[in-house]
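Notes follow once the structure below has been shown.
Number of protein chains: 2
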Amino acid sequence: MPTIKDVARLAGVSTATVSRVLNGEKVKEENRMRVEEAVKQLNYSTNTLARALKTNKTMTVGVIVPDLSNVFFTTIAKGIEKALHPYGYSIMVCDSDESVEGEREKIAFLKDKFVDGIIIIPAGDQQPGLKRLQDDGIPIVLVDRLIEDIQADAVLVDNTNGAYDAVEHLIVNGHRRIGLISGPRHIFVGKERLIGYERAYTDYQLSIDPEIVKYGDLHIESGYKLMNELLDLPSPPTAIFAANYYMSIGAIMAANERHINIPEELSFIGFDDIELTKVIKPPLTVVVQPMDKMGQAAAELIYKRMTGDDSGPFPAILRLKTQLIKRESVKKVNYPCL
Amino acid sequence: MPTIKDVARLAGVSTATVSRVLNGEKVKEENRMRVEEAVKQLNYSTNTLARALKTNKTMTVGVIVPDLSNVFFTTIAKGIEKALHPYGYSIMVCDSDESVEGEREKIAFLKDKFVDGIIIIPAGDQQPGLKRLQDDGIPIVLVDRLIEDIQADAVLVDNTNGAYDAVEHLIVNGHRRIGLISGPRHIFVGKERLIGYERAYTDYQLSIDPEIVKYGDLHIESGYKLMNELLDLPSPPTAIFAANYYMSIGAIMAANERHINIPEELSFIGFDDIELTKVIKPPLTVVVQPMDKMGQAAAELIYKRMTGDDSGPFPAILRLKTQLIKRESVKKVNYPCL
DNA sequence: TTGTAAGCGTTATCAT
DNA sequence: ATGATAACGCTTACAA
Numbered sequence: 000m001p002t003i004k005d006v007a008r009l010a011g012v013s014t015a016t017v018s019r020v021l022n023g024e025k026v027k028e029e030n031r032m033r034v035e036e037a038v039k040q041l042n043y044s045t046n047t048l049a050r051a052l053k054t055n056k057t058m059t060v061g062v063i064v065p066d067l068s069n070v071f072f073t074t075i076a077k078g079i080e081k082a083l084h085p086y087g088y089s090i091m092v093c094d095s096d097e098s099v100e101g102e103r104e105k106i107a108f109l110k111d112k113f114v115d116g117i118i119i120i121p122a123g124d125q126q127p128g129l130k131r132l133q134d135d136g137i138p139i140v141l142v143d144r145l146i147e148d149i150q151a152d153a154v155l156v157d158n159t160n161g162a163y164d165a166v167e168h169l170i171v172n173g174h175r176r177i178g179l180i181s182g183p184r185h186i187f188v189g190k191e192r193l194i195g196y197e198r199a200y201t202d203y204q205l206s207i208d209p210e211i212v213k214y215g216d217l218h219i220e221s222g223y224k225l226m227n228e229l230l231d232l233p234s235p236p237t238a239i240f241a242a243n244y245y246m247s248i249g250a251i252m253a254a255n256e257r258h259i260n261i262p263e264e265l266s267f268i269g270f271d272d273i274e275l276t277k278v279i280k281p282p283l284t285v286v287v288q289p290m291d292k293m294g295q296a297a298a299e300l301i302y303k304r305m306t307g308d309d310s311g312p313f314p315a316i317l318r319l320k321t322q323l324i325k326r327e328s329v330k331k332v333n334y335p336c337l
Numbered sequence: 000m001p002t003i004k005d006v007a008r009l010a011g012v013s014t015a016t017v018s019r020v021l022n023g024e025k026v027k028e029e030n031r032m033r034v035e036e037a038v039k040q041l042n043y044s045t046n047t048l049a050r051a052l053k054t055n056k057t058m059t060v061g062v063i064v065p066d067l068s069n070v071f072f073t074t075i076a077k078g079i080e081k082a083l084h085p086y087g088y089s090i091m092v093c094d095s096d097e098s099v100e101g102e103r104e105k106i107a108f109l110k111d112k113f114v115d116g117i118i119i120i121p122a123g124d125q126q127p128g129l130k131r132l133q134d135d136g137i138p139i140v141l142v143d144r145l146i147e148d149i150q151a152d153a154v155l156v157d158n159t160n161g162a163y164d165a166v167e168h169l170i171v172n173g174h175r176r177i178g179l180i181s182g183p184r185h186i187f188v189g190k191e192r193l194i195g196y197e198r199a200y201t202d203y204q205l206s207i208d209p210e211i212v213k214y215g216d217l218h219i220e221s222g223y224k225l226m227n228e229l230l231d232l233p234s235p236p237t238a239i240f241a242a243n244y245y246m247s248i249g250a251i252m253a254a255n256e257r258h259i260n261i262p263e264e265l266s267f268i269g270f271d272d273i274e275l276t277k278v279i280k281p282p283l284t285v286v287v288q289p290m291d292k293m294g295q296a297a298a299e300l301i302y303k304r305m306t307g308d309d310s311g312p313f314p315a316i317l318r319l320k321t322q323l324i325k326r327e328s329v330k331k332v333n334y335p336c337l
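The listed protein sequences correspond, in order, to chains E and X. Number 224 in numbering that gives the first Met the number 0 belongs to position 225 of the first sequence; there are no gaps in the numbering. Number 123 in numbering that gives the first Met the number 0 belongs to position 124 of the second sequence; there are no gaps in the numbering.
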């Protein structure tokens with residue numbers, strides 16, 4: 000591999016001049032030409048390791064996701080990569096294996112690699128490793144959920160109003176008994192979406208039957224199981240809202256299996272618009288999170304910090320809106336009480 | 000951040016000695032202790048950049064997948080990571096965006112980062128960038144499919160026999176009219192699985208009706224569409240074999256939508272055992288690829304090459320077996336001709 | 001066994 | 001505007 004010295008020699012200038020050309024500084028036109036020529040001729044490219052050693056910049060940002068085989072997370076990662084690329088930054092994607100410990104490991108790993116910043120979709124609601132990262136002056140952006148005791152920029156989704164919109168839509172369509180397939184009670188997004196559900200009920204002066212509020216673990220199996228539980232109730236809901244993609248899929252599977260006709264016999268609103276929701280019948284009414292935008296926003300935020308732009312408030316907490324896409328899984332019903 | 004010099008000073012030895020301790024070379028016991036003590040006290044950790052600059056080893060391998068939001072690929076990536084971790088290697092996952100050009104970019108990127116090896120799930124069947132990589136002496140391992148004009152170690156799946164087993168199982172259960180939802184004709188795995196189908200027909204002295212062999216693009220929508228086409232035929236198949244995970248899902252969706260009872264009215268064999276196949280009813284009989292093992296095998300192979308072990312043949316082509324998992328989506332039928 | 005010092009490929013300071 | 005050179009933090013002959 001040719002080095003900057005080879006280029007300098009061939010171009011008949013010093014390495015300093017070559018470096019200047021390479022970094023777009025002002026150089027006599029003639030010299031610039033000769034250097035560029037030499038670069039091409041030798042097929043030279045900068046040794047990023049040496050540059051990083053000198054500049055303390057790797058032009059790389061680390062991205063930690065809880066599970067590499069979860070489309071929701073990887074889609075966000077793709078969004079980050081797409082947004083960072085134009086700035087010349089690349090990403091290193093890591094899997095924390097849904098554990099705080101795994102997360103700690105990956106943080107250490109990325110620090111070892113001298114990434115210029117870390118975007119993390121937290122696996123739990125604490126992470127001691129992050130504070131140390133901040134002490135080292137490495138910018139951090141949280142995505143999807145907050146972390147206790149940590150002040151950091153974050154890109155969140157307005158989960159509460161997202162859930163609210165769904166439940167409200169159901170209520171407006173005459174439903175009074177709306178089953179909720181929720182995430183874990185102690186988890187950030189689970190909590191927020193639950194609040195949206197409750198708030199809608201409150202605003203319409205309806206009371207909640209705790210029996211039709213179920214808590215799952217965000218995985219398919221869990222949606223499947225809870226849907227069955229709801230349907231087995233002596234007085235089952237007339238509508239279901241599943242507050243996460245995988246649980247939506249599981250729930251739909253359960254309904255299909257029981258030959259329940261949606262929306263004729265049961266109205267349904269799901270979460271997110273990935274893969275499956277494209278083919279499920281009937282076309283599902285869903286609350287969608289702007290995954291691309293989440294990735295993009297996180298990228299912009301960290302870019303700002305990495306380039307030393309400390310304008311604006313710290314921490315900057317972005318709340319992106321969800322969108323309720325109305326399709327064909329909700330039926331209008333008439334309740335005697337209306 | 001403390002450097003090796005700080006450690007040397009504190010321990011009262013030279014940097015060379017510190018380096019030796021750090022790299023597990025032989026050092027007087029007392030010195031070792033003092034160095035270790037100093038390391039702990041300063042919370043020192045090696046600057047991997049500096050080390051890599053010197054040694055030309057980053058202890059990182061690049062992994063390029065066609066699509067980060069495809070579970071099949073990311074599961075393999077997870078397998079690679081798990082297997083490489085014990086050796087002290089980490090991975091850098093990249094998304095080629097299912098294009099040869101994107102792949103070329105990522106290869107250049109990884110070369111820039113001086114990864115010690117590259118494991119790639121090719122997006123197409125050529126990639127000029129790889130030959131250059133080999134010329135630079137960077138080990139390459141291909142996963143899932145081969146690349147034209149390139150001699151490289153590879154981990155493949157025995158697609159042909161996998162498909163064969165599925166079709167044979169259907170035949171043995173009395174089916175004579177087996178619809179195939181296949182991948183693109185020009186794509187490696189598509190081709191191989193098609194051959195398996197044909198071979199089974201040949202071996203049982205049956206003839207193939209080209210009308211019930213459909214070619215899709217491996218995505219859900221495609222499975223959905225082709226299933227509908229097959230079912231719309233004047234004389235539809237009595238069984239279907241879908242030769243890829245996403246197309247299997249799409250196909251099942253289509254069947255569900257038409258309220259076709261599997262296996263009573265239609266037998267079905269799908270591909271791979273991820274996410275959905277866990278909840279679909281009835282439990283699906285599937286051909287499963289050993290994704291974990293694929294990742295692991297690729298990791299072992301590249302590790303061997305990275306550590307200069309050139310024993311064994313080159314290129315080493317591993318063919319992993321699939322497994323036919325029999326569940327409840329195939330019904331025995333009786334054909335008059337039997 | 002240990003220390004000295006050169007060198008990995010850059011960038012950046014300081015003269016010129 | 002350019003060049004010489006020290007420095008980034010480490011490894012590794014070579015010498016002691």
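Glycine residues also receive a C-beta, built at the ideal position from the N, C-alpha and C atoms. From a predicted model like this one, the values you see are computed outputs, not experimental measurements.
Anyone know if the C-beta pair for residue i and residue j falls short of 9 Å?
i, j, result
"Val140 of chain X", "Ile119 of chain X", "yes"
"Ala199 of chain E", "Val166 of chain E", "yes"
"Ala153 of chain E", "Ile316 of chain E", "yes"
"Leu230 of chain X", "Ala253 of chain X", "yes"
"Leu323 of chain X", "Phe240 of chain X", "no"
"Gly178 of chain X", "Ala238 of chain X", "yes"
"Tyr43 of chain X", "Val6 of chain X", "yes"
"Leu48 of chain X", "Leu52 of chain E", "yes"
"Leu132 of chain X", "Arg175 of chain X", "no"
"Asn172 of chain E", "Thr321 of chain E", "no"
"Gly347 of chain X", "Lys81 of chain X", "Because chain X in this structure spans residues 0 to 337, residue 347 of chain X falls outside the shown range and cannot be described."
In the DSSP assignment, what residue or residues form a beta bridge with residue i?
i, result
"Phe177 of chain E", "Looking at the sequence shown, residue 177 of chain E is not Phe but Ile. Looking at the DSSP assignment, Ile177 of chain E forms a beta bridge with E:Ala238."
"Gly269 of chain X", "X:Val285"
"Lys224 of chain X", "According to DSSP, which records beta bridges pairwise, Lys224 of chain X is partnered with nothing at all."
"Leu317 of chain X", "X:Val154"
"Asp94 of chain E", "E:Val64"
"Gln322 of chain E", "E:Val287"
"Ile340 of chain X", "Because chain X here runs from 0 to 337, residue 340 of chain X falls outside it and cannot be looked at."
Taking just the CA atoms, how far does residue j sit from residue i?
i, j, result
"Leu129 of chain X", "Ile106 of chain X", "8 Å"
"His258 of chain E", "Asp143 of chain X", "38 Å"
"Phe267 of chain E", "Pro127 of chain E", "40 Å"
"Glu210 of chain X", "Ile279 of chain X", "28 Å"
"Leu9 of chain E", "Ser181 of chain X", "56 Å"
"Tyr88 of chain E", "Glu197 of chain X", "48 Å"
"Asn69 of chain X", "Ser68 of chain E", "8 Å"
"Thr57 of chain X", "Val114 of chain X", "6 Å"
"Arg192 of chain X", "Asp271 of chain X", "13 Å"
"Asn30 of chain X", "Pro85 of chain X", "28 Å"
"Lys4 of chain X", "Gln150 of chain E", "34 Å"
Where do the ends of the alpha helix (DSSP H) carrying residue i lie?
i, result
"Tyr245 of chain E", "244-256"
"Val6 of chain E", "3-10"
"Ser18 of chain E", "14-21"
"Thr59 of chain E", "Note, Thr59 of chain E: premise wrong, no alpha helix (DSSP H); beta strand (DSSP E) at 59-64."
"Tyr200 of chain X", "187-202"
"Leu145 of chain E", "That residue, Leu145 of chain E, is in no alpha helix (DSSP H); it is neither H nor E in DSSP."
"Val34 of chain X", "28-41"
Use the C-beta contact count for residue i: other C-beta atoms within 10 angstroms, 16 or more gives buried, fewer gives exposed.
i, result
"Asn22 of chain X", "exposed"
"Asp202 of chain E", "exposed"
"Thr16 of chain X", "buried"
"Glu36 of chain X", "exposed"
"Glu264 of chain E", "exposed"
"Glu28 of chain E", "exposed"
"Ser328 of chain E", "buried"
"Ser234 of chain E", "exposed"
Between which two residues does the beta strand (DSSP E) containing residue i stretch?
i, result
"Tyr163 of chain E", "No beta strand (DSSP E) holds Tyr163 of chain E; the alpha helix (DSSP H) holding it covers 158-171."
"Gly116 of chain E", "116-119"
"Lys77 of chain X", "It is not in any beta strand (DSSP E) - Lys77 of chain X instead sits in the alpha helix (DSSP H) that spans 70-83."
"Val212 of chain E", "212-214"
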